[in-house]
Amino acid sequence: MASPTVAANAYANLARVLESGGASKGNANLGRIMETGGASAGADGNGPSFSTVLKDAIGSVLEAGRKSDAQTVAMANGKANVMDVVTAVAETDVAVSTLVSVRDKVIQAYEDIMKMTI
């Protein structure tokens with residue numbers, strides 16, 4: 030399980046990537062995918078594009094982080110229950126961990142494709 034510091038850093042980096050349009054150092058390809066619409070829809074043309082799915086996933090992670098932040102501030106002001114804060118932080122941790130796992134699998138798939146001989 031990721032530590033709270035790692036999760037907070039990942040959340041901050043993700044927010045920075047989205048605010049800059051995904052074009053920061055090391056994220057130029059992500060930015061281009063998101064700007065150009067990424068891969069086209071499925072073979073039958075009815076499915077969502079890869080960039081849409083990616084934007085939705087990143088958006089849900091950011092929303093979980095914002096909810097966690099709001100719960101933390103509310104608790105600091107004495108307006109929230111500790112259990113609510115712990116639950117929100119745990120949900121954010123799971124969302125960030127899932128996103129990182131998907132990212133790792135995408136990178137591994139890309140590396141496997143690049144190793145293929147033509």
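For this note's numbering, count along the sequence shown from 1 and bump the result up by 29. Backbone N, C-alpha and C define an ideal beta-carbon position, used for all residues, glycine too. The model shown is predicted, which means the values in this text are computed figures rather than measured ones.
{"Query": "Val115, buried or exposed, once every other Cβ within 10 Å from all chains shown has been counted against 16", "Result": "exposed"}
{"Query": "Supposed contact pair Val131 and Ser97 - C-beta distance, whole angstroms, cut 8 angstroms", "Result": "Actually they are not in contact, since the Cβ atoms of Ser97 and Val131 sit about 20 angstroms apart, beyond 8 angstroms."}
{"Query": "Within 8 angstroms, strictly: CB atoms of Ser89 and Ala138", "Result": "no"}
{"Query": "Thr146 burial status per 10 Å Cβ neighbour count (16 or more: buried)", "Result": "exposed"}
{"Query": "When Ala93, Ala109, Gly107 are compared against Leu128, the one with the closest alpha-carbon", "Result": "Ala93"}
{"Query": "Reduced DSSP secondary structure (H/G/I, E/B, other) of Met145", "Result": "coil"}
{"Query": "Environment of Asp122 [buried if 16+ CB atoms lie within 10 Å]", "Result": "buried"}
{"Query": "Cα-Cα separation, Met104 to Arg95", "Result": "14 angstroms"}
{"Query": "Straight-line Cα distance separating Asp141 from Val111", "Result": "45 angstroms"}
{"Query": "Whether Asp113 touches Gln100 by CB criterion (8 angstroms)", "Result": "yes"}
{"Query": "Reduced DSSP secondary structure (H/G/I, E/B, other) of Lys84", "Result": "helix"}
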